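Per mature numbering (1 follows the signal peptide of the UniProt record, and there is no 0), the sequence shown runs over residues -23 to -1, 1 to 432. Ideal placement from N, C-alpha and C gives every residue a C-beta, glycine not left out. Note that this is a predicted model, so its numbers are computed, not measured.
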Amino acid sequence: MSSLVTLALTGAAAATSVVPAHAVTVPCDTAALITAITNANANIDTVIDLEPYCLYEVSVANVTDTGLPPITNNAGVTINGNNATIKRVGTDSFRLFEVGTSAAVPGNLTLNDLTVMNGQPSNVIGGGNVLVRENSTFAGTNVALQGATANIGGGIRFRTSTTGTLTDSRISDNRTTGGASAGGGLYSDGQVTLTNTDFTSNRARIGGGIGHNVGTLTINGGSIKHNTAFDNGGGIASDGNGTLNMTGTTVTDNRVTTGGLGSGNGGGVYIGFNGTRTITDSVIEGNTVTVQSADDGGGGIFMGGGTLTLDNTKVKGNKLIGEAGHGAGIDARGGTLNVLNASDVTDNLAAGRYSLGGGIYTASLINTPTVNVNGSAIDRNKVSGTGSRGGGIYNASGTYDLTDASVQFNVAPDAPAPGGIWTSTAITSVTGTTIANNTPTNCLYSLAPVTSCVG
């Protein structure tokens, strides 16, 4: 039997061969797949094995905006892909999978070893390839979600009160469109865990790779790279009251560029104004913000508020392009920022006139930020261009505690522009910290003094 089958969804299903233990093997036939899912929803053969490497092409919607029957078996349906692909074809608009229904019927779906691609629902609820509705559960292992378009959650969307896991998976080349465009690869309002999962070349207005609002998002390993946002969060945007825990993850070569609503913040990571975020043993490197207005910033990280803790996490080699950018490494506008345990902020560049803060920039937006740097280095950062200041740190408004830290080898233009630290209010909590070897000065020409800083 050919591994390439294109079927309209009307017509008789091909015969299926039943495997013991409530499993069914589906031939390379889309109508047979639809029948198998319908039966699984009725608790008949809830494990579905696809033909290895088959391309199942879906050309029309089974229900409004969804190509396959929605998963309504809350006890669980498992589809073992065996490296098969399920692909939307033709001109009709729909996603491929919907877990649960709009009538509040929950579902539970597990996908293994499967590619799902090219979904394009027309409704604003989003979820380009997969939509996980309220009180539903989704798990994917070795799953690829790619090439989809939606309003929110280009590859997959988890709504509130959902539970989800993605393991050893790939989310790539998805995008979101429209005014609420968010989460190019994934958007989560649920309890979601990502393990060794890569997000690559996704696009959105907010959260090019990942968008996160409420609930808890846990990211273990994997990468977030080469994603694009047009306003905030090239790699990931974590907003609202959510909790983000990221460990052992690389956030690299993402960008915020022009084409949004005129702001640009957080080339790698955008943190909103509430919630708690912890990033551990990770690398945020080589991300870029194209400055669109005079207050844009955070080449590596932008933080509006809440609490952000960096623990043994490197923020390095990030960049702001354009005039008056703030914080090439980190831009903190409120809340509490903890930079701990060799969370070094190094080699970041704000390239443009009137740039402020090559390493860290702080200012009050909704409240006054508090920054604790302990056992970490703010080294080798640079601001360039006329009127630029604070190669290491620029503090327009904030409270700092520098303990066992290093602020060295940072660069600003010629005096009066300190290369080390510029601050509008005195920084007096400085213990065991080296502030030296900055160009043209360490703290000289700062508006207010920094304890233990000479020259």
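CA-to-CA, the gap between threonine 323 and serine 365 works out to about 18 Å.
For secondary structure counted as the beta strand (DSSP E) over 3 or more consecutive residues, the segment 49 to 133 holds these complete runs in sequence order: 54 to 65, 74 to 76, 85 to 94, 107 to 109, 114 to 123.
Beta bridge pairing from DSSP links threonine 15 with no other residue. Residue environment for threonine 235: exposed (fewer than 16 other C-beta atoms within 10 angstroms of its C-beta). A distance below 7 Å between beta-carbons, with the five flanking residues on each side excluded, links aspartate 90 to the following residues of its chain, in chain order: Asn57, Gly58, Asn59, Asn60, Asn119.
Beta-bridge partners assigned by DSSP to glutamine 168: Thr140, Thr193. Around glycine 117, the same chain offers Leu88, Leu143, Ser146 as residues with beta carbons nearer than 6 Å, after the five sequence neighbours per side are excluded.
Excluding five sequence positions before and after valine 66, the CB atoms of its chain that fall closer than 6 Å to its own CB belong to Glu34, Ser36, given in chain order.
For threonine 376, the uninterrupted beta strand (DSSP E) run begins and ends at 376 to 380, by DSSP.
Ranking Pro46, Leu287, Pro4 by CA distance to the CA of valine 350 puts Leu287 first. Under the DSSP assignment, aspartate 308 falls in the beta strand (DSSP E) whose first and last residues are 307 to 309. In the three-state reduction of the DSSP assignment, threonine 23 falls in the coil class. Taking C-beta atoms as the reference points, glycine 103 and leucine 73 fail to come closer than 8 Å. By the CB criterion at 8 Å, isoleucine 183 and asparagine 209 fall inside the cutoff. Comparing alpha-carbon positions, the option among Arg310, Ser178, Cys5, Asn372 lying closest to leucine 342 turns out to be Arg310. Cβ atoms of valine 191 and threonine 137 come within 8 Å of each other, at about 7 Å. Straight-line measurement puts the Cα of tyrosine 422 at about 5 Å from the Cα of proline 393.
Residue state for threonine 7 is assigned as helix, using DSSP reduced to three classes. Just measuring C-alpha positions, the residue of Thr416, Ile404, Gly77, Gly96 sitting nearest aspartate 69 is Gly96.
Sequence-distant Cβ neighbours of alanine 38 in its own chain, meaning closer than 7 Å and more than five residues away, are Gly44, Asp69, Phe71. According to the DSSP assignment, alanine 389 belongs to no beta strand (DSSP E), since it is labelled neither H nor E. Between isoleucine 298 and valine 169, the alpha-carbon positions lie close to 34 Å from each other.
If only complete runs of 3 or more residues are kept, the segment 250 to 322 shows the beta strand (DSSP E) at 253 to 257, 260 to 262, 265 to 267, 278 to 280, 284 to 288, 291 to 293, 296 to 298, 307 to 309, 313 to 317, in order along the chain.
In the structure shown, aspartate 175 falls within a strand segment according to DSSP collapsed to helix, strand and coil.
Between glycine 243 and glycine 275 the beta-carbon gap is near 5 Å, inside 8 Å, which marks them as a contact. Taking C-beta separations shorter than 8 Å and ignoring five residues to either side along the sequence, the partners of arginine 330 in its chain run Glu300, Ala301, Gly362, Thr363, Gly364, Ser365, following chain order.
For asparagine 222, the enclosing beta strand (DSSP E) has its first and last residue at 220 to 224. Straight-line measurement puts the Cα of glycine 132 at about 6 Å from the Cα of asparagine 151.
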